[in-house]
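Protein chains in written order, with our numbering: chain A, 2 to 90; chain B, 365 to 504. Heads up, the thing below is written out as structure tokens.
If you want it as structure tokens, here you go:
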């Protein structure tokens with residue numbers, strides 16, 4: 002079942018610090034998670050789960066780390082925080 | 365990862381490349397196991413977001429990730445030096461990515477995490493469509 006998703010205000014500020022292309026990648030990943038959230042595969046806490054992904058561009062590796070929660074009643078995925086790190090070769 | 369001086373020792377001798385590779389592989393495996401252990405402690409000590417908002421516990425756990433990250437970075441630097449002399453070392457990519465993921469997690473401070481959790485609890489949330497629209501307009 003597909004979920005709607007919402008971003009915490011602070012998480013939006015964190016997302017906005019990413020380069021534009023990486024923002025788009027992040028939103029695509031969130032869309033994919035919202036299509037079929039599987040928190041049991043990525044637990045961190047009973048009421049939160051985490052998902053990270055890596056992208057490479059121009060020889061630099063970009064890491065994005067998402068903390069999320071699910072509202073099962075309203076069928077809403079909430080993005081609590083967006084962390085990031087880049088590593089040059 | 366207190367064995368880093370061992371790598372320095374064998375790296376300083378051009379005749380001990382095989383030893384260097386073996387030791388770095390073992391240390392990288394050990395580092396990944398240590399990270400798994402920290403994650404398990406994290407999940408046990410802070411089983412939900414309320415517990416994770418307990419500042420003393422959160423700060424201690426974060427300190428463990430930070431110390432791990434610092435040590436992993438030192439190890440990665442040595443592995444990269446070794447790789448430049450003798451080619452790829454098995455396990456490097458795994459540790460590099462585990463380190464990158466940990467640094468990405470640590471990029472969110474405890475204060476930011478607390479604020480974000482308050483945003484969620486108090487309904488300060490932005491719907492997906494609005495997020496996309498604002499980011500495309502360069503707002504925020």
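Backbone N, C-alpha and C define an ideal beta-carbon position, used for all residues, glycine too. The structure displayed is predicted, hence computed values, not measured ones.
In the DSSP assignment, what residue or residues form a beta bridge with residue i?
i	result
residue 64(A)	55(A), 86(A)
residue 80(A)	8(A), 69(A)
residue 92(A)	The shown model of chain A, from 2 to 90, leaves out residue 92(A), and the question about it has no answer.
residue 489(B)	9(A)
Taking residue i as the query, report the chain B residues whose CB atoms sit under 7 Å from its CB, ordered along the chain.
i	result
residue 81(A)	480, 481, 484
residue 48(A)	412, 413
residue 6(A)	492
residue 29(A)	Here the premise fails: no neighbours, minimum Cβ distance about 11 Å.
residue 65(A)	468
residue 24(A)	499
residue 70(A)	484
Expressed to the nearest angstrom, what Euclidean distance is found between the alpha-carbon atoms of residue i and residue j?
i	j	result
residue 487(B)	residue 83(A)	18 Å
residue 55(A)	residue 63(A)	6 Å
residue 37(A)	residue 374(B)	49 Å
residue 440(B)	residue 465(B)	14 Å
residue 422(B)	residue 407(B)	11 Å
residue 477(B)	residue 461(B)	23 Å
residue 418(B)	residue 17(A)	28 Å
residue 45(A)	residue 376(B)	41 Å
residue 21(A)	residue 381(B)	43 Å
residue 31(A)	residue 81(A)	12 Å
residue 480(B)	residue 401(B)	26 Å
residue 50(A)	residue 388(B)	32 Å
residue 426(B)	residue 468(B)	13 Å
residue 403(B)	residue 447(B)	29 Å
residue 15(A)	residue 415(B)	23 Å
residue 88(A)	residue 489(B)	31 Å
residue 74(A)	residue 399(B)	34 Å
residue 444(B)	residue 429(B)	22 Å
residue 438(B)	residue 79(A)	36 Å
residue 454(B)	residue 90(A)	17 Å
residue 450(B)	residue 394(B)	22 Å
residue 497(B)	residue 424(B)	39 Å
residue 39(A)	residue 435(B)	32 Å
Along chain B, which residues have their Cβ under 8 Å away from the Cβ of residue i?
i	result
residue 85(A)	468, 471
If the cut is a Cβ gap below 8 Å, which residues of chain A does residue i touch?
i	result
residue 400(B)	Those within 8 Å of residue 400(B) in chain A number zero; the least Cβ separation is about 13 Å.
residue 428(B)	In chain order: nothing, as chain A lies at least about 15 Å away.
residue 476(B)	11, 15, 82
How would you list, in chain order, the residues of chain A whose beta-carbon sits under 7 Å from the beta-carbon of residue i?
i	result
residue 425(B)	By Cβ distance, chain A contributes nothing, its closest Cβ being about 11 Å from residue 425(B), past 7 Å.
residue 461(B)	55
residue 397(B)	Those do not exist, as residue 397(B) stays about 19 Å from chain A at its closest Cβ, beyond 7 Å.
residue 496(B)	28
residue 458(B)	Within chain A, no residue comes near residue 458(B); the closest Cβ sits about 12 Å away, beyond 7 Å.
So residue i and residue j are in contact, right, with Cβ under 8 Å, and what is the actual spacing, rounded?
i	j	result
residue 371(B)	residue 391(B)	7 Å
residue 412(B)	residue 48(A)	5 Å
residue 28(A)	residue 52(A)	Contact flag wrong, Cβ pair sits at about 13 Å.
residue 85(A)	residue 19(A)	6 Å
residue 368(B)	residue 442(B)	7 Å
residue 6(A)	residue 77(A)	7 Å
Counting only Cβ pairs nearer than 9 Å, list the residues of chain A close to residue i.
i	result
residue 435(B)	Per Cβ cutoff of 9 Å: no residues; residue 435(B) is ~16 Å from chain A at best.
Residues of chain C with a CB under 7 Å from the CB of residue i: which are they?
i	result
residue 465(B)	Absence of chain C from the displayed structure is noted, the protein chains being A and B.
Could you tell me which chain B residues have their CB closer than 9 Å to the CB of residue i, listed as they occur along the chain?
i	result
residue 44(A)	407
residue 75(A)	None at all; the shortest Cβ gap to chain B is about 11 Å.
- Quick one: complete alpha helix (DSSP H) runs, 4+ long, within the region 407-441 of chain B? 413-416
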